[in-house]
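> Protein chains in written order, with the numbering used here: chain E, 1 to 231; chain X, 1001 to 1231; chain S, 2001 to 2231; chain G, 3001 to 3231.
Just so it is clear, CB atoms sit at the ideal spot from N, CA and C, and this is done for glycine as well.
4 protein chains.
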Amino acid sequence: MFKPPIIVINYKVYNTSFGLSALSIARAAEEVSKEVGITIILAPPSTEIRTLATNVNIPIIAQHVDPVELGAYTGHLPPEAVKEAGAKGFIINHSERRLRIDEVAKLIKRAYELDLTTLACADVPEVAAAISILNPDMIAIEPPELIGSGIAVSKAKPEIIVKTVSKVREVNKKTTILTGAGISSAEDVAKAIELGTSGVLVASAIMKAKEPKKTLEEMAKAAVKASAIKH
Amino acid sequence: MFKPPIIVINYKVYNTSFGLSALSIARAAEEVSKEVGITIILAPPSTEIRTLATNVNIPIIAQHVDPVELGAYTGHLPPEAVKEAGAKGFIINHSERRLRIDEVAKLIKRAYELDLTTLACADVPEVAAAISILNPDMIAIEPPELIGSGIAVSKAKPEIIVKTVSKVREVNKKTTILTGAGISSAEDVAKAIELGTSGVLVASAIMKAKEPKKTLEEMAKAAVKASAIKH
Amino acid sequence: MFKPPIIVINYKVYNTSFGLSALSIARAAEEVSKEVGITIILAPPSTEIRTLATNVNIPIIAQHVDPVELGAYTGHLPPEAVKEAGAKGFIINHSERRLRIDEVAKLIKRAYELDLTTLACADVPEVAAAISILNPDMIAIEPPELIGSGIAVSKAKPEIIVKTVSKVREVNKKTTILTGAGISSAEDVAKAIELGTSGVLVASAIMKAKEPKKTLEEMAKAAVKASAIKH
Amino acid sequence: MFKPPIIVINYKVYNTSFGLSALSIARAAEEVSKEVGITIILAPPSTEIRTLATNVNIPIIAQHVDPVELGAYTGHLPPEAVKEAGAKGFIINHSERRLRIDEVAKLIKRAYELDLTTLACADVPEVAAAISILNPDMIAIEPPELIGSGIAVSKAKPEIIVKTVSKVREVNKKTTILTGAGISSAEDVAKAIELGTSGVLVASAIMKAKEPKKTLEEMAKAAVKASAIKH
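(1) By alpha-carbon positions, which one of Val3032(G), Val3165(G) and Met3207(G) ends up nearest to Pro3125(G)?
(2) Are there 16 or more other CB atoms within 10 angstroms of the CB of Asp1123(X), so buried, or fewer, so exposed?
(3) 8 Å is my cut-off, CB to CB: does Arg3169(G) come that close to chain X?
(4) Mind checking the region 45-61 of chain E against chain X and listing, in chain order, the residues whose C-beta falls within less than 7 Å of any C-beta there?
(5) Please report whether the beta-carbon of Ile101(E) lies at a distance below 8 Å from any beta-carbon of chain S.
(6) So what's Thr1051(X) in DSSP terms, helix, strand or just coil?
(7) Taking 8 Å as the CB-CB limit, is Leu2077(S) close to chain G?
(8) Relative to the alpha-carbon of Ser3149(G), which residue among Ala3203(G), Leu3195(G) and Val3127(G) has its alpha-carbon at the smallest distance?
(9) Using the Cα positions of Ala190(E) and Lys221(E), report the straight-line distance between them to the nearest angstrom.
(10) Reducing DSSP to helix, strand and coil, say where Ile2193(S) ends up.
(11) Quick one, which residues of the region 2129-2146 of chain S are near chain E if we go by CB-CB under 9 Å, in chain order?
(12) Examine the ligand ADP and report whether any of its heavy atoms sits within less than 7 Å of the Cβ of Leu2119(S).
(13) At a CB-CB cut-off below 8 Å, which residues of chain S make contact with Val3082(G)?
(14) Could you tell me if Tyr1112(X) is buried or exposed, where buried requires 16 or more neighbouring beta carbons within 10 angstroms of its beta carbon?
(15) Checking 8 Å against the spacing of the C-beta atoms, do Gly199(E) and Pro4(E) come in under that value?
(16) Tell me which same chain residues have a C-beta within less than 6 Å of the C-beta of Ser3033(G), skipping the five on either side of it?
(17) Tell me, please, whether the CB atom of Glu3126(G) is closer than 8 Å to any CB atom in chain X?
(18) Report the residue ranges of all alpha helix (DSSP H) runs contained in full by the region 2140-2209 of chain S; include only those spanning at least 4 residues, in chain order.
(19) Tell me, which residues are paired with Ala1128(X) by DSSP?
(20) Is it right to say Met1207(X) is buried, meaning 16 or more other beta carbons lie within 10 angstroms of its own, or is it exposed?
(21) Does the beta carbon of Lys12(E) come closer than 8 Å to any beta carbon on chain X?
(22) Provide the residue span of the alpha helix (DSSP H) that contains Gly3019(G), from first to last.
(23) What residues are listed by DSSP as bridge partners for Phe1090(X)?
(24) Could you please tell me which residues of the region 185-206 of chain E, in chain order, have their CB closer than 9 Å to any CB of chain X?
(25) Since Leu3070(G) meets chain S, which of its residues come closer than 7 Å, beta carbon to beta carbon?
(26) Go through its chain and collect everything with a Cβ distance to Gly3212(G)'s Cβ below 6 Å, but skip five positions before and after it.
(27) Let me know if Lys2214(S) comes out buried or exposed under the rule of 16 or more other beta-carbons within 10 Å of its beta-carbon.
(28) Quick one: is Thr2016(S) buried, meaning 16 or more other Cβ sit within 10 Å of its Cβ, or exposed?
(29) Below 8 Å on the Cβ atoms is my guess for Met1138(X) versus Thr1175(X); work out the distance and round it to an integer in Å.
(30) Applying the criterion that 16 or more other CB atoms from any shown protein chain within 10 Å of the CB defines a buried residue, is Met2001(S) buried or exposed?
(31) Please classify Ala1220(X): does DSSP put it in a helix, a strand, or coil?
(32) Please work out which residues of its chain come closer than 7 Å, Cβ to Cβ, to Ser95(E), disregarding the five sequence neighbours upstream and downstream, and give them in chain order.
(33) Hey, how far is the Cα of Gly1086(X) from the Cα of Ser3154(G)?
(34) Closer than 7 Å by beta-carbon distance: list the chain S residues that pair up with Glu3096(G), in chain order.
(35) Buried or exposed, going by whether 16 or more other CB atoms sit within 10 Å of the CB of Thr232(E)?
(36) For a contact defined as C-beta to C-beta under 7 Å, what are the partners of Asp1115(X) on chain G?
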């Protein structure tokens, strides 16, 4: 389990998500993590997991794994594959890569067996609560209509975050809750933490930033500050 | 375009398909390729593409790519991703990772633009002919019921190979035709070439072999010999 | 909401699931329902919904609906379509037609708006509990490995039923819980009710029976008897 | 095989696609078919097939069937299901319900065995040619970006139709070629036939028309006239 506050950078598959650019953002994240004292997790494309895991000392998770075992599954990636490459866990059910509920359950169970961390995504509070029954380590609420919009869910729809925290906590006291979708600024990050979650998922705000390190640094400081006030 | 005869090793996602084992098989393949003078292509899991492409000097192709562009597609791999990692092309429509016909068309077109090689798979001669209209560089006939069976299609159903060559050639004179499914021995490889194809796809016969290099060497020699007789 | 005990007959798409045979089984079910005094629900293929709803006076539900709205969705069936044809509800997430968790949530919500009943299926107790958070009217536990096996879950794995009831009731006091998979005899039905569920889902045991009415009658009487003892 | 010119009305799942409205449009189509002397084929939602097939004497085809056999396939419709309900065939691979190429091949083969007609859809000329290798009875070219746009492909992109006819005829002399996507007026229909196809697929232009019969009548007359000029 990772210590909050947490910033997860979902690399997605932008033109900055690969090769030297991927590595440069990872190094910036590693520096910010150390300087500010905050957990930063990277979710690069599968082709970049090993390079990043070898070169930076912050946790790497996969963006997705397939609900298959080792074997004759051409073109699929079982959890073992990303672990072997150096990932510490994986995202499950991102809105751009939804899974069936039985697959979500199976993958969370498999992650426990392989000692991998899981970050499950949900689009609405009810689904977040339903998935939290399956005990993922982290759960992120991401209204799909705000993903990539630049409009932060914490600003535009704070009630969704509040409702998610409340509904999830009715059935699961332990899972770490994160806020995603449209997180663009330090202010958005602070708001997400003030509303009761332990951190954020960001993507384009960092991956498409002119100065990714600067943006990340501001977000990290805001997260730490908001987190300190809360406690 | 690769020079025949061709052996494609589909790593799939066996426990030998990753890390040191993946690299060791790749090195063996590189040696056999040079010693015997034959094209050997490796199709590792996406997490292993970069390591293999960096360490061996024979072509690497991806087992699958997703029909998406660069952008907000969490958990997907566009063709650009595998090219960036060092792949020279990708498999399309393997029986364990089928695609829709419009996706097959789109990916072949995109591969041309990115200067990547395509190897499309088909389960029956009619589908091979249909796909060959879309001009993949290579096309493999793989009856799914024989994949992983240890029973070579070239032995058990030679008429399927003959019919595939005939039907594909009616509409496409150029695409390289390969034989897959159940190829287990040097004899199976020779038979595949005698029946009119330019080489084979193998998977478990190498990936699960006690001595992968020895098996591959025998297959490579048989391919070169059968190929010489044909010409 | 339907009054327990409940027997749901999933017609699936056997050769007996259509036309006159479908109607004959529906009429038998209607008779048994009245004679024995038990709720029997029929889930025929979509092509048969209207005929059955017109000809028998017991509830018809669809085997599946697509998570789409009315509009340009060729080849899909929105909930409105099956309601229009006379269905009172639909099955969601049957193991032979799994859905994503966000789709399950969306369809249950839509069903409420359209005044339709939902019967959600789950393969393991944890998934049953997760789905029950979304408030379907009924939830059925069906271990896929026993579906169509002739081996009743209530006999072979009674602990799965007990665990399902316990886990679902922790988070949902109201949803009706049913037992499915392998239910073949009156004894299996009685056992399912004794273990704490409100009835059963059956398929091949009725659809492939030599005398469907006789089998159904025995099951219905066993259900009523077991139900009476429990209360 | 149906005699050209042909108008296929794809009902999709609009609010007019069900019940009395569905039947009323079907009756209008039947009348126009007889009065103008033209083949009109109806593709209603699966729940409406039997009612329409019973009540009107023009061909009904399904919008989609699943590539499964009779058996334990809850929520799927095998070809046998729609035949039983009165359909004379089915659409395959509509852009709103794409299939894998192996499934397209399997369904066309199965349709021959069941004496059912197939209408396969394609998004680009190359895919139309590829599918035509598999010998569907009819093939429709429908650029997805124009579907439902009200901008007829025959007007906006006539070169796509010409190229489709040319590419399909290189490999298949017999299959009937239709034009779809955006067909809104009698003029669009005439243009589609002048460009070398045997008719059209329409959807919203009829299903959302204030006076469906009037619109259909104009289209039918234009089709017959354009067809007569061509021969």
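A quick look at the data gives this:
(1) Walking along the fourth sequence from the start, residue 3125(G) turns up at place 125. It is Val3165(G) whose Cα lies nearest to the Cα of Pro3125(G).
(2) For this step, residue 1123(X) is matched to residue 123 along the second sequence. By the 10 Å Cβ count, Asp1123(X) comes out buried.
(3) As a first step, residue 3169(G) must be located in the fourth sequence, where it is residue number 169. Arg3169(G) does not count as touching chain X.
(4) Cβ contacts with chain X come from Pro45, Ser46, Thr47, Ile49, Arg50 and Thr51.
(5) As a working note, residue 101(E) is residue 101 in the first sequence. Chain S contact via Cβ: present.
(6) Taking the first residue of the second sequence as position 1, residue 1051(X) is located at position 51. Thr1051(X) falls in the helix class under three-state DSSP.
(7) As a first step, residue 2077(S) is located in the third sequence; it is residue number 77 there, counting from the start. For Leu2077(S), the answer is yes, since a Cβ of chain G falls inside 8 Å of its Cβ.
(8) Within the fourth sequence, numbered from 1, the residue matching residue 3149(G) stands at position 149. If we check each option's Cα against that of Ser3149(G), Ala3203(G) comes out closest.
(9) Along the first sequence, read from residue 1 onward, the residue named residue 190(E) stands at position 190. Along the first sequence, read from residue 1 onward, the residue named residue 221(E) stands at position 221. Between Ala190(E) and Lys221(E), the C-alpha separation is close to 9 Å.
(10) Within the third sequence, numbered from 1, the residue matching residue 2193(S) stands at position 193. Here Ile2193(S) sits in helix by DSSP.
(11) Ala2129, Ala2130, Ile2131, Ser2132, Ile2133, Leu2134, Asn2135 and Pro2144
(12) The ligand ADP is absent from the structure shown, which contains no ligands of any kind.
(13) Stepping through the fourth sequence from its first residue, residue 3082(G) is reached at position 82. Neighbours of Val3082(G) on chain S, chain order: Thr2047.
(14) Taking the second sequence and counting its residues from 1, one reaches residue 1112(X) at position 112. Label assigned to Tyr1112(X): exposed.
(15) Numbered from 1 along the first sequence, position 199 holds the residue referred to as residue 199(E). Numbered from 1 along the first sequence, position 4 holds the residue referred to as residue 4(E). Contact: yes.
(16) For the purposes of this step, residue 3033(G) is identified with residue 33 of the fourth sequence, where counting begins at 1. Answer for Ser3033(G): Ile3040 and Ile3058, listed in chain order.
(17) Counting from one through the fourth sequence, the residue named residue 3126(G) turns up at place 126. Yes, contact with chain X.
(18) 2153-2156, 2158-2171, 2186-2194 and 2204-2207
(19) For this step, residue 1128(X) is matched to residue 128 along the second sequence. Looking at the DSSP output, Ala1128(X) shares a beta bridge with no other residue.
(20) Walking along the second sequence from the start, residue 1207(X) turns up at place 207. Buried is the call here.
(21) Taking the first residue of the first sequence as position 1, residue 12(E) is located at position 12. Yes, Lys12(E) counts as interfacial toward chain X.
(22) Residue numbering aside, residue 3019(G) sits at position 19 when the fourth sequence is read from its first letter. Gly3019 to Val3032 is the span of the alpha helix (DSSP H), which, as asked, contains Gly3019(G).
(23) By 1-based counting over the second sequence, the position of residue 1090(X) is 90. Ala1062(X) and Thr1118(X), per the DSSP bridge assignment.
(24) Ala203 and Ser204
(25) Counting from 1 along the fourth sequence, the entry for residue 3070(G) is found at position 70. Under the 7 Å cutoff, chain S gives Val2013, Tyr2014 and Asn2015.
(26) The count along the fourth sequence starts at 1 and reaches residue 3212(G) at position 212. The sequence given here has Pro at residue 3212(G), not Gly. Ile3025, Ala3028 and Ile3206.
(27) Along the third sequence, one-based indexing puts residue 2214(S) at 214. Label assigned to Lys2214(S): exposed.
(28) For this step, residue 2016(S) is matched to residue 16 along the third sequence. By the neighbour-count definition (other C-beta atoms within 10 Å, threshold 16), Thr2016(S) is a buried residue.
(29) Against the second sequence, residue 1138(X) aligns to sequence position 138. Against the second sequence, residue 1175(X) aligns to sequence position 175. Contact holds; Cβ gap of about 6 Å.
(30) Against the third sequence, residue 2001(S) aligns to sequence position 1. Exposed is the label assigned to Met2001(S), since fewer than 16 other Cβ atoms lie within 10 Å of its Cβ.
(31) For the purposes of this step, residue 1220(X) is taken as the residue at position 220 of the second sequence. Looking at Ala1220(X) - three-state DSSP - the assignment turns out to be helix.
(32) Start at 1 with the first residue of the first sequence, and residue 95(E) comes out as number 95. Cβ within range, chain order: Cys121, Asp123, Glu142, Pro144 and Ile147.
(33) As a working mapping, residue 1086(X) is identified with position 86 in the second sequence. As a working mapping, residue 3154(G) is identified with position 154 in the fourth sequence. So the alpha carbons of these two residues sit roughly 43 Å apart.
(34) Working through the fourth sequence from its first residue, we reach residue 3096(G) at position 96. Ala2072, Tyr2073, Thr2074 and Gly2075, listed in chain order.
(35) No answer is possible for residue 232(E): it lies beyond the span of chain E, which begins at 1 and ends at 231.
(36) Reading the second sequence from its first residue, position 115 is the one you call residue 1115(X). Within 7 Å Cβ-Cβ: nothing; Asp1115(X) doesn't reach chain G, min ~20 Å.
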